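*Asks:* When you read off a place in the sequence shown, starting at 1, and then add 483, the result is the number in the numbering used here. We put the CB at the ideal spot given by N, CA and C, even for glycine. Here the structure is a predicted model, which means the values were calculated and not measured. Below is one structure. I have some questions about it.
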Amino acid sequence: MRARKGAARNQAKNRLFKRAKGYVGGRHRLYRTVKESLVRAGVFAYRDRRVRKRDFRRLWIIRLSAACRERGLRYSQFIAGLKAAQIELDRKSLSEIAIADPAAFDAVVGEVKAALQLTA
């Protein structure tokens, strides 16, 4: 009699079933469906790790645009002015400053406006 996979197969299945814990219906109960669900979940997870970065960048840009418009400046002008003034703050930190410390953001906008007048 030949040796079958036995315990190793059960362990492999259990690993998959544990990863599928919390899935609804056959997605956590049926071996083939569990495998398909986990592959699909992995694809979504991989994709959405990248989408999350895009979404946050969009959020920061929206916040900056609103904060700049309150101070009489368009977002595109603000970014161009940052480059002209050689201010190397990223959008994330700028949006945090705009929310948490409006006075500091006013100072940044002042420098940006001055740099824009020099280049114009």
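Identify the continuous alpha helix (DSSP H) that holds Tyr-529 and give its terminal residues.
*Replies:* 514-553
*Asks:* Is the segment 591-600 touching the segment 552-561 in the sense that three or more CB pairs, one from each, lie closer than 8 Å?
*Replies:* yes
*Asks:* Count the other C-beta atoms from every protein chain shown that fall within 10 angstroms of the C-beta of Ala-587, then say buried if there are 16 or more, exposed otherwise.
*Replies:* exposed
*Asks:* Assuming the contact rule is C-beta atoms closer than 8 Å, Gly-564 and Val-522 should be a hit. Round their C-beta distance to whole Å, please.
*Replies:* Not really, about 48 Å apart at Cβ, beyond 8 Å.
*Asks:* Would you call Leu-577 buried or exposed, if buried means 16 or more other Cβ atoms sit within 10 Å of its Cβ?
*Replies:* Burial check for Leu-577: the Cβ neighbour count within 10 Å reaches 16 or more, so the residue is buried.
*Asks:* Under 8 Å: do the segment 513-521 and the segment 534-541 share three or more Cβ pairs, one atom per stretch?
*Replies:* Contact between the segment 513-521 and the segment 534-541 is absent: fewer than three C-beta pairs spanning the two stretches fall below 8 Å.
*Asks:* Counting only beta-carbon separations shorter than 9 Å, does Asp-531 have a partner in chain C?
*Replies:* The structure shown contains no chain C, having only a single protein chain.
*Asks:* Among Ala-583, Ala-568 and Arg-535, whose alpha-carbon lies nearest the alpha-carbon of Arg-546?
*Replies:* Ala-583
*Asks:* Please say whether Trp-543 and Lys-575 have beta carbons closer to each other than 9 Å?
*Replies:* It is a contact, given that the beta carbons lie within the stated cut-off.
*Asks:* Would you decide whether Ala-503 is buried or exposed? Buried here means 16 or more other CB atoms lie within 10 Å of its CB.
*Replies:* buried
*Asks:* Can you have a look at Ile-570 and say buried or exposed, based on whether 16 or more other CB atoms are within 10 angstroms of its CB?
*Replies:* exposed
*Asks:* Which value, in whole angstroms, describes the spacing of the CA atoms of Lys-496 and Gly-489?
*Replies:* 11 Å
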